[in-house]
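Colleague: In the numbering used here, each residue's number is its place in the sequence shown (first place is 1) plus 5.
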Amino acid sequence: MRSGRLAALAGAAFVATSCGAPAGVAGVSTLPPTPPPGGITAAMDDSQPGHIVPPPGDEPVRVPPPKMSPYTYAFPIKGCKVSYSRKLLVLPKTIIWAAKGCAFVSPVDGVVQEVNLKNLWTPSTDRGADREGRYVTVKGEDGVLYLGGHLDSVEQDVTPGAKVKAGQLLGRVGNTGNARDTASNLYFAMSWPVDPQYWWVRRGVVPPWPYLDAWDDGNRTVSPRKAMLTLRKQMGATPPCTQLCTSKQVTPVPDETKPPTRQKKKKNGGGGDDDDVVVIPL
Numbered sequence: 006m007r008s009g010r011l012a013a014l015a016g017a018a019f020v021a022t023s024c025g026a027p028a029g030v031a032g033v034s035t036l037p038p039t040p041p042p043g044g045i046t047a048a049m050d051d052s053q054p055g056h057i058v059p060p061p062g063d064e065p066v067r068v069p070p071p072k073m074s075p076y077t078y079a080f081p082i083k084g085c086k087v088s089y090s091r092k093l094l095v096l097p098k099t100i101i102w103a104a105k106g107c108a109f110v111s112p113v114d115g116v117v118q119e120v121n122l123k124n125l126w127t128p129s130t131d132r133g134a135d136r137e138g139r140y141v142t143v144k145g146e147d148g149v150l151y152l153g154g155h156l157d158s159v160e161q162d163v164t165p166g167a168k169v170k171a172g173q174l175l176g177r178v179g180n181t182g183n184a185r186d187t188a189s190n191l192y193f194a195m196s197w198p199v200d201p202q203y204w205w206v207r208r209g210v211v212p213p214w215p216y217l218d219a220w221d222d223g224n225r226t227v228s229p230r231k232a233m234l235t236l237r238k239q240m241g242a243t244p245p246c247t248q249l250c251t252s253k254q255v256t257p258v259p260d261e262t263k264p265p266t267r268q269k270k271k272k273n274g275g276g277g278d279d280d281d282v283v284v285i286p287l
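(1) My output table needs one value for Gly153: the three-state DSSP class, helix, strand or coil.
(2) Express the C-alpha separation of Glu64 and Leu152 in angstroms, rounding to a whole number.
(3) Measure the CB-CB distance between Gln118 and Val143 and report whether it falls below 8 angstroms.
(4) What's the call for Leu191, buried or exposed, on a 16-neighbour Cβ count within 10 Å?
(5) Name the one or two DSSP bridge partners that Leu96 has.
(6) Find out if the Cβ-Cβ distance for the pair Val120, Val163 is shorter than 8 angstroms.
(7) What are the residues that DSSP puts in a beta bridge with Trp102?
(8) How many angstroms separate the CA atom of Pro97 from the CA atom of Arg230?
(9) So, with DSSP's three-state summary, where would you put Val110?
(10) Based on the DSSP secondary-structure assignment, which residues constitute the bridge partners of Gly115?
(11) Check for me: the beta strand (DSSP E) holding Val178 runs from which residue to which?
(12) Could you tell me how far apart the beta carbons of Gly154 and Gly138 are, in whole angstroms, since I believe they sit closer than 8 angstroms?
(13) Would you kindly work out how many angstroms separate the C-alpha atoms of Ala79 and Met233, rounded to a whole number?
(14) For Thr256, I'd like the list of residues in its chain whose CB is within less than 7 angstroms of its CB, leaving aside the five on either flank, ordered along the chain.
(15) Going by C-alpha to C-alpha distance, which of Gly62, Gln248, Thr226 and Val58 sits closest to Asp147?
(16) Please identify the residue among Lys168, Thr99 and Pro128 whose C-alpha is closest to the C-alpha of Asp186.
(17) Consult DSSP for Val206 and reduce its assignment to one of helix, strand or coil.
(18) Report all residues from its chain with a CB closer than 8 angstroms to the CB of Leu93; omit the five preceding and five following residues, and keep chain order.
(19) Who are the Cβ neighbours of Cys246 in its own chain at under 7 angstroms, not counting the five residues just before and after it?
(20) Taking a contact to mean a Cβ-Cβ separation below 8 angstroms, would you say Ala108 touches Arg177 in this structure?
(21) With DSSP as the reference, please indicate the residues paired to Tyr78 in a beta bridge.
(22) Measure how close the beta-carbons of Ala188 and Lys263 come, nearest whole angstrom, since I'm counting them as under 8 angstroms.
(23) Between Gln202, Arg67, Ala219 and Glu160, which has its C-alpha nearest Thr243's C-alpha?
(24) Could you pull out every residue in the same chain whose Cβ sits closer than 7 angstroms to the Cβ of Gly166, ignoring the five residues on either side in sequence?
(25) Would you give the residue range spanned by the alpha helix (DSSP H) that Leu249 belongs to?
(26) Please classify Val20: does DSSP put it in a helix, a strand, or coil?
(27) For Tyr89 and Gly62, I'd like the C-alpha separation in whole angstroms.
(28) Nearest-angstrom Cα distance between Asn183 and Ala219?
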């Protein structure tokens, strides 16, 4: 009897001990984890229960864009806020709107091809060869011809045959030529070198806005050379004039008269024209 009473007491003590201990799996601790040495690395935001505030760190590093060609380019207007349309404006070129006097710079290393210091355009004749007013063309080392027109002035040392570097000042933005009744702007076009009598070629063959977008976004090696060579092969080195070729037009045909503005998106889920305009801050 005495041994049976002792066994009963031992069993009761075991049950009491089991009920008082934390529940869990054998060999696994149910106690809260011990903080690591040095403290917790992420603080709690008391204003948002359960939200973890990441620890402070360095700013992300922007990875340089891939090199797309052996040539290095510069956006053709420097130091000014600009805007331009990403669409066909009569010819494959663009109008870059900028304040009068802003710097027009060479888009790439090259050689000055043509320089026109006289504003010969008049509405009575509207000669196609005169529409750009004062202008400079540069034959880039990539083989592409670049035209900057409607200039207010041309730098004194910018003469035919002069070597220039990407980003070098060539002239100042204005509104000469058939832009005399518009806001100041740069007529910017890409083509290939031709003799001056084929003036309609230098007025624009290669759509420039994809390259303007890339150069401004930081990828300064995106090149129009391949597109230029493809179009020259398709059209021939001296294609006939097809746009704005005649003189003595009754009403000159302006491409735009004022800088483009961003249009609000249409209601009822309709799309807008926001992607047609690029505005680049200073």
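Note that CB positions come from ideal geometry on N, CA and C, so glycine has one too.
Modeller: So, to answer that:
(1) For the purposes of this step, residue 153 is taken as the residue at position 148 of the sequence shown. DSSP places Gly153 in strand when its eight states are reduced to three.
(2) On the sequence shown, position 147 is the one that residue 152 refers to. On the sequence shown, position 59 is the one that residue 64 refers to. Roughly 40 angstroms separates the two Cα atoms.
(3) Here residue 118 refers to the residue found at position 113 of the sequence shown. Here residue 143 refers to the residue found at position 138 of the sequence shown. Yes, Cβ-Cβ distance for Gln118 and Val143 is below 8 angstroms.
(4) For the purposes of this step, residue 191 is identified with residue 186 of the sequence shown, where counting begins at 1. Counting Cβ neighbours within 10 Å, Leu191 comes out buried, since at least 16 surround it.
(5) As a position in the sequence shown, residue 96 is number 91, starting the count at 1. According to DSSP, which records beta bridges pairwise, Leu96 is partnered with Leu94.
(6) Reading the sequence shown from its first residue, position 115 is the one you call residue 120. Reading the sequence shown from its first residue, position 158 is the one you call residue 163. Result yes, Cβ atoms of Val120 and Val163 sit closer than 8 angstroms.
(7) Counted from its first residue, the sequence shown places residue 102 at position 97. Trp102 is bridged to Ser88 and Asn190.
(8) Sequence index remark: in the sequence shown, residue 97 carries index 92 (1-based). Sequence index remark: in the sequence shown, residue 230 carries index 225 (1-based). Rounded to whole angstroms, Pro97 to Arg230 spans 15 angstroms at the Cα level.
(9) Taking the sequence shown and counting its residues from 1, one reaches residue 110 at position 105. DSSP places Val110 in strand when its eight states are reduced to three.
(10) Position 110 of the sequence shown holds residue 115. According to DSSP, which records beta bridges pairwise, Gly115 is partnered with Gly145 and Val169.
(11) Position 173 of the sequence shown, counted from the start, is the residue given in the question as residue 178. Segment Leu174 to Val178, the beta strand (DSSP E) holding Val178.
(12) Position 149 of the sequence shown, counting from 1, holds the residue named residue 154. Position 133 of the sequence shown, counting from 1, holds the residue named residue 138. Sure, about 6 angstroms apart at Cβ, within 8 angstroms.
(13) The sequence position of residue 79 within the sequence shown is 74, counting from 1. The sequence position of residue 233 within the sequence shown is 228, counting from 1. Roughly 18 angstroms separates the two Cα atoms.
(14) Translated into the one-based positions of the sequence shown, residue 256 becomes position 251. Low confidence applies here, because Thr256 scores a pLDDT of 45, under 50, leaving its location unreliable; read the following figure in that light. Counting only Cβ-Cβ distances below 7 angstroms, and skipping sequence neighbours, we find nothing.
(15) Translated into positions along the sequence shown, residue 147 becomes position 142. Per the Cα distances, Thr226.
(16) Counting from one through the sequence shown, the residue named residue 186 turns up at place 181. Of the listed residues, the one whose Cα sits closest to Asp186 is Pro128.
(17) Looking up residue 206 in the sequence shown gives position 201. Three-state DSSP puts Val206 in a helix.
(18) If you number the sequence shown from 1, residue 93 lands on position 88. Pro212.
(19) Working through the sequence shown from its first residue, we reach residue 246 at position 241. Only Trp205 meet the Cβ criterion.
(20) Against the sequence shown, residue 108 aligns to sequence position 103. Against the sequence shown, residue 177 aligns to sequence position 172. Taking 8 angstroms as the Cβ cut-off, Ala108 and Arg177 qualify as a contacting pair.
(21) Walking along the sequence shown from the start, residue 78 turns up at place 73. Answer is Val113, bridged to Tyr78.
(22) Along the sequence shown, one-based indexing puts residue 188 at 183. Along the sequence shown, one-based indexing puts residue 263 at 258. So it is a contact: roughly 5 angstroms between Cβ atoms.
(23) Taking the first residue of the sequence shown as position 1, residue 243 is located at position 238. That would be Gln202, whose Cα lies nearest to the Cα of Thr243.
(24) For this step, residue 166 is matched to residue 161 along the sequence shown. Val116 and Val117.
(25) The residue given as residue 249 occupies position 244 in the sequence shown. First-last for Leu249: undefined, no H or E at that position.
(26) The residue labelled residue 20 in the question sits at position 15 within the sequence shown. Note on Val20: pLDDT 47, under 50, position unreliable in the model; the coordinate value appears next. DSSP places Val20 in helix when its eight states are reduced to three.
(27) Along the sequence shown, one-based indexing puts residue 89 at 84. Along the sequence shown, one-based indexing puts residue 62 at 57. The straight-line gap from Cα to Cα measures roughly 38 angstroms.
(28) Residue numbering aside, residue 183 sits at position 178 when the sequence shown is read from its first letter. Residue numbering aside, residue 219 sits at position 214 when the sequence shown is read from its first letter. Straight-line Cα distance between these residues: approximately 29 angstroms.
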